[in-house]
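Mapping of the first sequence onto my numbering: position 85 corresponds to residue 85, and the numbering continues sequentially without gaps.
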Amino acid sequence: MRLKVTTWNVNSVRLRMSLVARFVAEHRPDVLCLQETKVEDGKFPLGEVRRLGFGHVAYNGQKGYHGVAIFSQLPFDQIEKRDFCAKGDARHIAVRFAPEAGAAAGAVVHNLYIPAGGDIPDPSQNPKFAHKLAFLAELDGWFRGGFPHSQDRAILVGDLNIAPLEHDVWSHRQLLDVVSHTPVETEAMRRVMANGGWIDVMRRFVPETEKLFTWWSYRAADWTKGNRGRRLDHVWASPAIAPMARSIEVLREARGWDRPSDHVPVTAIFELGAARAHAI
DNA sequence: ATGGTGGCACCGCCA
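#1: Relative to the C-alpha of V49, which candidate in H92, G64, C33 has its C-alpha closest?
#2: Just to confirm the assignment, what range does the beta strand (DSSP E) spanning F76 have?
#3: Using the beta-carbon count (16 or more within 10 Å), is H56 buried or exposed?
#4: Determine whether the beta carbon atoms of G197 and D140 lie at a separation below 9 Å.
#5: What did DSSP end up calling R144 once you bin it into helix, strand or coil?
#6: Does the Cβ of N9 have 16 or more other Cβ atoms within 10 Å, making it buried, or fewer, making it exposed?
#7: Throw me the rounded Cβ distance for the D119 and V179 pair, which I believe falls under 8 Å.
#8: Just confirm the distance between the C-beta atoms of N111 and V169, as a whole number of angstroms; I'd bet it's less than 8 Å.
#9: Buried or exposed for A237, please, with buried defined as at least 16 other CB atoms from any protein chain shown within 10 angstroms of its CB.
#10: Please classify L46 as buried or exposed, where buried requires at least 16 neighbouring CB atoms within 10 angstroms.
#11: What whole-angstrom Cβ distance do G61 and E80 have, given they're in contact under 8 Å?
#12: Taking the alpha-carbon positions, what's the V266 to D159 distance?
#13: If I measure Cβ to Cβ from P99 and keep anything under 6 Å in the same chain, skipping five residues before and after, which residues do I get?
#14: By the DSSP assignment, the alpha helix (DSSP H) with E48 in it spans what residues?
#15: Rounding to the nearest angstrom, what Cα-Cα distance links F270 and H92 in this structure?
#16: Report yes if the C-beta distance between G117 and E185 is below 9 Å; otherwise report no.
#17: For Q35, collect the residues of the same chain with a Cβ closer than 6 Å to its Cβ; drop the 5 residues on either side in sequence, then sort them by chain order.
#18: Under 9 Å, do W216 and R228 count as touching if we go by C-beta distance?
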């Protein structure tokens, strides 16, 4: 069974619904994880999402800011929304696929929107950067110890707002002091991955020596000029499911669509084998 | 070297 999972920071799901529809029509993901939906749950465009063919929808939103959602063709039997840093921010949602989801049954998908962290890369001067580091520390604490069962299948996607590797940014040297690529963040991210046992699926398909970006700033007259991008969006997998990954696609062309998000969709395809259920 | 754009809520905040 093929499982196609896409992560996309849409920067307002209501404003971008026609682009979401276009993406779904052209790429048909089984699971679409969105970040920055920017809509409170009571105003979530559930009808439009169902019309796109997703029978199973989970969302965690708030008014104006943040917000995450998972659209799925496969049923789930558990939904979790974790309130990182006890701030009441809508930055996480996870689902576990139900027994009826075939070979995906029991697999868990986490959808995360890590704080951007403001402009000044100093937690003592910038509370937003302090929040980002606290969020990463909590994430590390949560996943520390990895996966209790060797068969636990978990996928973590989202806008993690960190470009961890040298070639995840257009200029490593020029971005070392820029929030998203500072050593304190990239090291914190490496700790989360190492302590949790997560595998960077995108880099299993694109060598670390090759530039790989998922985001290009709005603050440029021409986003293609100089290709000044960053890899802020990620697909991670537990050891039980990482070997089942078959491909990664970064849809760069979506940055050139009419009224685009500043992030583009990232899609992973997994070829799933036998199932085993576990708790989120 | 600085400021650049975009979204939402509301005339500022966050990215």
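Just so it is clear, CB atoms sit at the ideal spot from N, CA and C, and this is done for glycine as well.
Well, looking at it:
#1: The shortest CA-to-CA distance from V49 to any of H92, G64, C33 is the one to C33.
#2: 76 to 80
#3: buried
#4: In this structure, D140 does not lie closer than 9 Å to G197 by Cβ.
#5: coil
#6: buried
#7: 6 Å
#8: The Cβ separation is near 24 Å, so there is no contact.
#9: buried
#10: exposed
#11: Incorrect: roughly 15 Å between the Cβ atoms, too far for contact.
#12: One C-alpha to the other measures close to 10 Å.
#13: A105
#14: 46 to 51
#15: Going from the Cα of F270 to the Cα of H92 covers about 22 Å.
#16: The answer is yes: Cβ separation under 9 Å.
#17: N9, V68, Y113, G158, D159
#18: yes
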